[in-house]
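Read the structure below first, then the notes.
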Amino acid sequence: TDTDASKVKFVESQFSKGYLHDSNFEGADFTNGVIDRASFKGSSLKGAIFGNAVLTGTSFEGSDVENADFTDAYIGSFDQKQLCRNPTLKGENPTTGADTKFSAGCSGP
């Protein structure tokens with residue numbers, strides 16, 4: 001909690017059962033990571049990259065995911081439905097150019 005991990009490269013990292021609350025992960029890169037049963041409640045994930053990451057059981061409730069990229073990430077159906085309801089799920093990732101909502105498998109940009 002209350003950690004500044006902005007722009008940190010977590011490529012191929014594993015976070016299991018992590019409570020990553022109220023932290024700054026803006027521009028962080030979680031490509032090919034395994035982030036299972038974690039919670040990003042209240043955290044900023046603006047511009048973060050989750051390409052090809054495993055996000056099973058991970059909650060983005062109350063987090064800011066604007067401009068994040070979820071391309072080819074594995075998100076369970078329940079978690080994906082919750083993510084699609086996040087009002088900050090919008091924009092385009094500044095690094096990859098991916099449309100945030102589309103990359104998360106949610107309808108329309």
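Residue numbering for the sequence shown follows my numbering, beginning at 1 and increasing consecutively.
In this text, a Cβ means the ideal position worked out from N, Cα and C, and glycines have one as well.
The structure displayed is predicted, hence computed values, not measured ones.
Assigned with DSSP and collapsed to three states, phenylalanine 78 falls in helix.
A distance of 8 Å or more separates the beta carbons of valine 8 and glycine 33. Following the DSSP letters along the chain, one finds phenylalanine 15 inside the beta strand (DSSP E) bounded by residues 14-16.
Within the same chain, Cβ atoms closer than 6 Å to the Cβ of lysine 17 are found at Arg37, the five residues on either side in sequence being excluded. Bridge partners of asparagine 24 according to DSSP: Asp4, Ser44.
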